[in-house]
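To start, the structure under review is shown below, and the notes come after it.
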Amino acid sequence: MRSILSSKIPTMRSIPRFLAPPSLLLLGAVLHPVSSLPGAEVSAALPLQNAGPAAKTLFTALSPEESGINFVNPIDTTHPLKRIYLGAFACGGIGVGDLNGDGRPDLFLTGGSPENRVYLQTEEPLRFIDATAQSGIKAAGTWSSGPTLVDIDADGDLDIHVCNYDAPNHLWINDGEGKFTEKAEAYGLAISDASLTATFCDYDLDGDLDCFLLTRDFKRAGGRPKEHPVELVNNKWRIKPGFEKYYDIVTRAGGKQVYINAGRQDILLRNEGPDARGQTRFSDVSASAGISGRDRGNSVTWWDFDNDGLPDIYVGNDFKDADRLYRNNGNGTFTDVIRQAAPHTPWFSMGADIADLDGDGRTDLLVADMAGTNHYRSKTTMGEITSIRPFLLSAVPRQYMHNVLYLNNGVGKLADGAFQAGLANSDWTWAVKLQDFDLNGHVDAYFTNGVSRSFNNSDDQRSASDHIGQTEWDYYESHPPRKEENLAFANRGNLNFENVSKSWGLDHLGMSYSAATGDLDGDGDVELIVASLDESVRVYRNNTPASSQRASIRLEGAAGNRLGLGANVWVQSGGRLQRQVVQPATGFLSSNQPKLHFGLGDDTQIEHITVKWQRGHVQRIENLRAGQTYHIKEPSTQPPRWARPVRKPTRYAPITSPSLRSIAHRETPHDDFSKQPLLPYKHSQLGPGMAWSDLDGDGDADCYLSGSAGHPGILSVNEGNGLLRNIKNLEFTRHAEREDLGAIFFDANSDGTNDLYVVSGGVECPAGSPQLRDRLYLNDGKGQFTHAPNALPDLRDSGSCVVGADYDRDGDIDLFIGGRVVPGAYPATPQSRLLRNDSKGPAPTFSDQTASVDGLGQAGLVSGALWSDANGDGWVDLLVCCEWGPVTIFLNRKGKLVESTAGSGLATYLGWWKGIAASDLDGDGDLDYVVSNQGTNTPYKASKEKPELLFYGDFDGSGKKRIVEAKFEGKTCYPRRGFSCSSGAMPALRSRLKTFENFARSTLGDLYGDVLSGSLRLEANTLESCVLLNNGNARFSITKLPRAAQFSPSQGVLLSDLDGDGLTDCVLAQNFFGAQPEIGLLDSGLSVFLHGRGSGRFLAAGPDKSGIRIAGAATALTTADLNLDGRPELAFAVNNSPAMFLSELPVSNQSHKLFEVRLRGKPGNLVSVGARITLSSPTTSQSQTSEITAGSGYLGQSEAARWFGLGPAAPETPISVTVRWPDGSSTITRTVAGDRKVLIQQP
């Protein structure tokens, strides 16, 4: 590549005015840039100004006297439009940019009752003068909202677009020296509507800027009319003439039509370029482009969510109006894919901003809501759950009242990481600003908060009829303002944010709405400008010390996009890659300085800067110094033609065979909350389970998928080459009313065929019902099953898992069945069971031996279990995953189980443990474990100091036991559920407390007093999915799995060397859709692949690399070699959905080979369940050890084969396979050189 170093120092004339440097001192004589395109141009570097003075806080708020800015948006109760103080139009907006060409950023401020203002920055940094009169800008009598600073005529200076309420929008064209002329009509932009804000981007890649105009709603003077504004015309309801701008008719669930306060139609305006007279014109292409619906918008953001190089559009809408995610189709049209792409959205979407928050090189989106940051605010704004429950359960996608952090995972399927990051709650937020404020290389977050009145006070419930004849503002005007503190969160890396509002000097208490950012004083860090009601616009000087390295980048685009809007810029320093997008119009009613600022921490050198312009040009500049501003110019050559990017191959891909799609679980809806209204989650949605075995003797694996109440389980026979066929079984149909959960295949009667055990669970029937009896089905050897009703004791427990092993070494398989719940009495401890196989002939017989093991029957609320030799003595032990308890271990003392958790190191880790799997993760020869858990990306937060609590007792003297969940705020314990839910279950609470206010101020002790001490008390202090590293003799140390493993509740867990490198990998099945409505769907996972790195460490592979994208509620996770190619397929059971089957793509398995081991046991234990296999290969760094199990993970049983990695250089020498058999004997097998599988017969 040839050098593209600019040969001359650019002058002020050669640099557009909005890019002009604050100083002409140039130090860029030693740049050595390279570019992927000829003709690209990079100017010399310009040094940043000296950093500001040292200060106690990161930011210092400048007084109006210091800044010269005395612009106030008051609450003017005499204004004829005061009714719109109710919402987003209340406080005006902020624009930042160089308006007069002197190289210094200036401010443009809009107002409602006050006129808009231009403030020019003087030669004294951060000192401004009001230059409105000289600018020519006038807006008397208009109520303005969002300003956008944009070079709309591509002449090198900043013009101003201003949105107005119910009046034509303005377009102020800059003459280059800060004098403006209004020309909206000439450009086709003088739109009169409820215009809130506008944002510009070249969506059609034709080189000029197009416009998306976000609208809100009209507030009718006088409120609702006395008579309904609807009429019946030709048997159809319509809005009466004259009321269309305020109301619309919508169809609710069940077909009911209602009229509502309606928003306005958003407008997409395409830049048609100059007409015959040379005048640039915009045309409304909304309808033809696919922009539709009447919504009440609060923010709009250009965001390439699917990483295809085309700008997409996210629209954040208020109330029940669904957010919109318009995917750019590349042909001038858009498709709203919010239902397909987003797991859920905020309920009341407010401001939004984009940035790479998790450091993966892709831009994420943070959309704000108004969830309270403390118990009091949360509980006084929740409202009556009975009125909102139908919406919570029916919205598509679901809408929840908390911020949503959409993490871009590279596959167009978004995940919400707000709770994981600690950014889910920020009070009544308007603006979101994402910038690296402290210049450490991580993007931080800032939120403006407060509102003109407390419109969502739960004690102030009003009906639609209350608005007849008066506006909402008329009612609230006499109420006090709702002032809240603004919030700042420092990004500490790894998606870990810390509240630094006070220490950064940003905890202002007020009614703050819009905020904008820009480097006002030229020192490379970012100042904040904040607009608040009833006080002056405030400038916050950034005091980041000069020791924090930094770099700023100005882009000069070609043709009609001189600001380079939509361009992506990557900066790499110290091995760390950062990404920003040139899109100034983000947040809420703000237009940031059109310049990028990168914090470099301690890095004094930049390895490279890469720019990808919106139209496709790519430039890369290397070996640069920190502390500079770099001005980069877009090449003037023809850009490459856009083409949808080719996705890189993934490790796995879904198998799309119709025969597999028919293996589907169907859930029968059941209202668990009717009996226990304060349940944390439903117990009727815990399945399905999945089990694999060769049932017909043809050498391949067949499948059973558990059914649900009303739907029998599905038996699928493998017909070869991975094709499965469902076969009907009348016995299953006879038991269709039962809720299947765990299931395993094993030889129950030692006849040489694998039979089927199915656990009955759920809460669809009363405790003790015959429907809760488990079932044993006997196999005739051809895959046909017959129920054996007399084989099992008459046990009627609502169970979860079943796991089998020969714990007493008598040659047959015994069973542990975990008790999950007592129907109608959660969290009372259910009965778990130990069933000994006493079969002596073809008629199987099992006896209940639970009483012989202390503590086993009352082990807890069991979700999963595993027979595994934890202490290495040759006898299989039992590990049990309990909710509200530890992973409990029962050591096998030569056929007698002894509860031994206290000495294991696990007793103090109380979780909501779900599934468990075993493998030797650190190569020391003993078995380690991975246990799945709730994760940390939900409202629940637990630690040993502040656990989650649950109480169960009669709290109101009614004779009915109720659940009370509790949490800590500081050192005080409060109820987790709100007044509406709690008083609905315990009416005495409402009689005693009467108001949400009183409830919110009450501690747990205030509410329930001495009854708490006599109630059942449970706690959880560990919610992370974890690794249990065996330090020998079943003594464990516990470590957390990577962040990706905590993004959603995990159920199924699989341990196997899937990539063939000789180290055990882990896969987790994620999501759960049965949580109580206020929590909602826990749906931010796609299931996750974790590459083993040895020593119990794992590295997450994103869905763009793994190919695992299970959006549903995945439960059991199993493996089976469906097509007998020597590599296992992944099989996910998914609640109320078809099972998902993934096959490894050939391109991913060519460098690392797998070795398959199968064991042939004896009648009664056909596949040698309980055997331990150790493989030693000269091409791997450590030996590998695994076990054969009958049931593992969560409600799952994989095919009884084990796969081991041979590394990148598969050996041509023999491999050593050591087997310790279930009876304690051992064998060593040396394989034939070059073989990739072995079948070993038990002696």
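Residues 4 to 1246, numbered by my numbering, are exactly what the sequence shown covers, in order. No residue lacks a Cβ here, since even glycine has one placed at the ideal position from N, Cα and C.
> Given a threshold of 16 other Cβ atoms within 10 Å of its Cβ, counted over all protein chains shown, does Arg728 qualify as buried or as exposed?
Replying inline: Numbered from its first residue, the sequence shown carries residue 728 at position 725. Flag for Arg728 reads exposed.
> Do you know whose CA, among Tyr329, Pro346, Leu566 and Ile316, lies nearest Asp339's CA?
Replying inline: Here residue 339 refers to the residue found at position 336 when the sequence shown is read from its first residue. Looking only at Tyr329, Pro346, Leu566 and Ile316, the smallest Cα-Cα distance to Asp339 is reached by Tyr329.
>> Rounding to the nearest angstrom, what Cα-Cα distance links Val1091 and Gly159 in this structure?
In response: For the purposes of this step, residue 1091 is identified with residue 1088 of the sequence shown, where counting begins at 1. For the purposes of this step, residue 159 is identified with residue 156 of the sequence shown, where counting begins at 1. The C-alpha of Gly159 is placed about 48 Å away from the C-alpha of Val1091.
>> So, with DSSP's three-state summary, where would you put Ala224?
In response: Residue mapping note: residue 224 aligns to position 221 of the sequence shown, counting from 1. Three-state DSSP puts Ala224 in coil, outside helix and strand.
> So, helix, strand or coil for Phe591, using DSSP?
Replying inline: Position 588 of the sequence shown, counted from the start, is the residue given in the question as residue 591. DSSP places Phe591 in coil when its eight states are reduced to three.
>> For Pro942, which residues in the same chain have their Cβ closer than 7 Å to its Cβ, ignoring the five residues on either side in sequence?
In response: Against the sequence shown, residue 942 aligns to sequence position 939. Excluding positions up to five away in sequence, the list reads Phe422 and Ile1082.
> Should Pro349 and Asp372 be called a contact, given that it needs their Cβ atoms to be closer than 8 Å?
Replying inline: Mapped onto the sequence shown, residue 349 falls at position 346. Mapped onto the sequence shown, residue 372 falls at position 369. The Cβ-Cβ distance between Pro349 and Asp372 falls below 8 Å.
> DSSP three-state call for Thr632: helix, strand or coil?
Replying inline: Counting from 1 along the sequence shown, the entry for residue 632 is found at position 629. If DSSP states are grouped into helix, strand and coil, Thr632 belongs with the strands.
> Are the beta-carbon atoms belonging to Phe1144 and Pro661 less than 8 Å from one another?
Replying inline: Counting from 1 along the sequence shown, the entry for residue 1144 is found at position 1141. Counting from 1 along the sequence shown, the entry for residue 661 is found at position 658. It is not a contact, given that the beta carbons lie outside the stated cut-off.
>> Can you tell me where the beta strand (DSSP E) holding His738 begins and where it ends?
In response: Here residue 738 refers to the residue found at position 735 of the sequence shown. His738 -> no beta strand (DSSP E), and no H or E assigned at all.
> Is the stretch 256-272 touching the stretch 195-215 in the sense that three or more CB pairs, one from each, lie closer than 8 Å?
Replying inline: Segments in contact, yes.
> The beta strand (DSSP E) with Arg1020 in it runs from where to where?
Replying inline: Locating residue 1020 in the sequence shown gives position 1017, counting from the first residue. For Arg1020, the uninterrupted beta strand (DSSP E) run begins and ends at Leu1019 to Ala1023, by DSSP.
> Which ranges would you report for the beta strand (DSSP E) in the stretch 772-818 if only whole runs of at least 3 residues count?
Replying inline: Here the runs fully enclosed are 778-782, 788-790 and 801-808.
> Where do the N-terminal and C-terminal ends of the beta strand (DSSP E) with Arg836 fall, by residue?
Replying inline: On the sequence shown, residue 836 is found 833 positions in, with the first residue counted as 1. For Arg836, the uninterrupted beta strand (DSSP E) segment begins and ends at Arg836 to Asn840.
> From Tyr1197 to Val1056, what distance separates their C-alpha atoms?
Replying inline: For the purposes of this step, residue 1197 is taken as residue 1194 along the sequence shown, with counting starting at 1. For the purposes of this step, residue 1056 is taken as residue 1053 along the sequence shown, with counting starting at 1. Roughly 7 Å between the two C-alpha positions.
>> Let's test the definition: count the other Cβ atoms within 10 Å of the Cβ of His482 and tell me whether it reaches 16, buried, or not, exposed.
In response: On the sequence shown, residue 482 is found 479 positions in, with the first residue counted as 1. Looking at its Cβ environment, which holds fewer than 16 other Cβ atoms inside 10 Å, His482 is exposed.
> For Arg1233, does the three-state DSSP call read helix, strand or coil?
Replying inline: On the sequence shown, residue 1233 is found 1230 positions in, with the first residue counted as 1. Strand, per DSSP.
> Helix or strand or just coil, what does DSSP make of Phe1002?
Replying inline: The residue labelled residue 1002 in the question sits at position 999 within the sequence shown. Note: Phe1002 maps to helix in three-state DSSP.
> Which residues share a DSSP beta bridge with Asp923?
Replying inline: Stepping through the sequence shown from its first residue, residue 923 is reached at position 920. According to DSSP, which records beta bridges pairwise, Asp923 is partnered with nothing at all.
> So Arg618 and Pro597 are in contact, right, with Cβ under 8 Å, and what is the actual spacing, rounded?
Replying inline: Within the sequence shown, residue 618 is the residue found at index 615, counting from 1. Within the sequence shown, residue 597 is the residue found at index 594, counting from 1. The pair is not a contact, with the Cβ atoms about 17 Å apart (cut-off 8 Å).
> Taking the alpha carbon of Asn412 as the point to measure from, which residue in Ala1047, Gln1245 and Pro128 has its own alpha carbon closest?
Replying inline: Taking the sequence shown and counting its residues from 1, the one referred to as residue 412 is at position 409. That would be Ala1047, whose Cα lies nearest to the Cα of Asn412.
> For Glu740, which option in Phe676, Tyr684 and Glu670 has the closest C-alpha, if you only look at C-alpha atoms?
Replying inline: By 1-based counting over the sequence shown, the position of residue 740 is 737. Comparing C-alpha distances from Glu740 to each of Phe676, Tyr684 and Glu670 shows the shortest one belongs to Glu670.
>> On the CB-based measure, 16 or more other CB atoms within 10 Å of its CB, does Lys382 come out buried or exposed?
In response: Counted from its first residue, the sequence shown places residue 382 at position 379. Here Lys382 is buried. Its C-beta has 16 or more other C-beta atoms within 10 Å.
>> Suppose you measure from the CA of His673 to the CA of Thr113; what does that come to, to the nearest Å?
In response: As a first step, residue 673 must be located in the sequence shown, where it is residue number 670. As a first step, residue 113 must be located in the sequence shown, where it is residue number 110. If you take the alpha carbons of His673 and Thr113, they lie about 53 Å apart.
>> Helix, strand or coil for Ile72? Go by DSSP, reduced to three states.
In response: Within the sequence shown, residue 72 is the residue found at index 69, counting from 1. Correct three-state label for Ile72: coil.
> Who does Lys1276 pair with in a DSSP beta bridge?
Replying inline: Absent from the structure is residue 1276, since the part of the chain shown begins at 4 and ends at 1246.
>> DSSP three-state label for Leu27, please.
In response: As a first step, residue 27 is located in the sequence shown; it is residue number 24 there, counting from the start. Summary for Leu27: the model assigns pLDDT 24, below 50, so the residue's position carries little reliability; its value from the coordinates is reported in the next sentence. If DSSP states are grouped into helix, strand and coil, Leu27 belongs with coil.
>> Could you give the first and the last residue of the continuous beta strand (DSSP E) run that contains Ala197?
In response: Working through the sequence shown from its first residue, we reach residue 197 at position 194. That run of the beta strand (DSSP E) goes Ser195 to Cys204.
> From Gly42 to Ile263, what does the alpha carbon distance come to, in whole angstroms?
Replying inline: Taking the first residue of the sequence shown as 1, we reach residue 42 at position 39. Taking the first residue of the sequence shown as 1, we reach residue 263 at position 260. Per-residue confidence for Gly42 stands at a pLDDT of 38, beneath the threshold of 50, marking its modelled position as unreliable; the derived number appears in the next sentence. Each residue's Cα considered, the two are about 57 Å apart.
> Which residue or residues does DSSP assign as beta-bridge partners of His173?
Replying inline: Start at 1 with the first residue of the sequence shown, and residue 173 comes out as number 170. Residue pairing by DSSP places His173 opposite Val165 in a beta bridge.
>> Suppose you measure from the CA of Asp1226 to the CA of Met404; what does that come to, to the nearest Å?
In response: The residue you call residue 1226 lines up with position 1223 of the sequence shown. The residue you call residue 404 lines up with position 401 of the sequence shown. Roughly 57 Å between the two C-alpha positions.
> Would Asp705 be called buried (16 or more neighbouring beta carbons within 10 Å of its own) or exposed?
Replying inline: The sequence position of residue 705 within the sequence shown is 702, counting from 1. In this structure Asp705 is buried. Its beta-carbon is surrounded by 16 or more other beta-carbon atoms within 10 angstroms.
>> Assuming His1094 is part of the beta strand (DSSP E), what are its boundary residues?
In response: Along the sequence shown, one-based indexing puts residue 1094 at 1091. Per DSSP, His1094 belongs to the beta strand (DSSP E) from Val1091 to Gly1097.
> What three-state label does DSSP hand Gln586 in the structure shown?
Replying inline: Numbered from 1 along the sequence shown, position 583 holds the residue referred to as residue 586. In the three-state DSSP reduction, Gln586 falls in the coil class, being neither helix nor strand.
> With a CB to CB cut of under 6 Å and the five nearest residues on each side skipped, what residues in its chain are close to Gly875?
Replying inline: The sequence position of residue 875 within the sequence shown is 872, counting from 1. Non-local beta-carbon contacts of Gly875 in its own chain, meaning distances under 6 Å to residues more than five positions away in sequence, involve Asp929 in chain order.
> Which residues mark the beginning and the end of the alpha helix (DSSP H) in which Ser994 is found?
Replying inline: As a working mapping, residue 994 is identified with position 991 in the sequence shown. That run of the alpha helix (DSSP H) goes Pro990 to Leu996.
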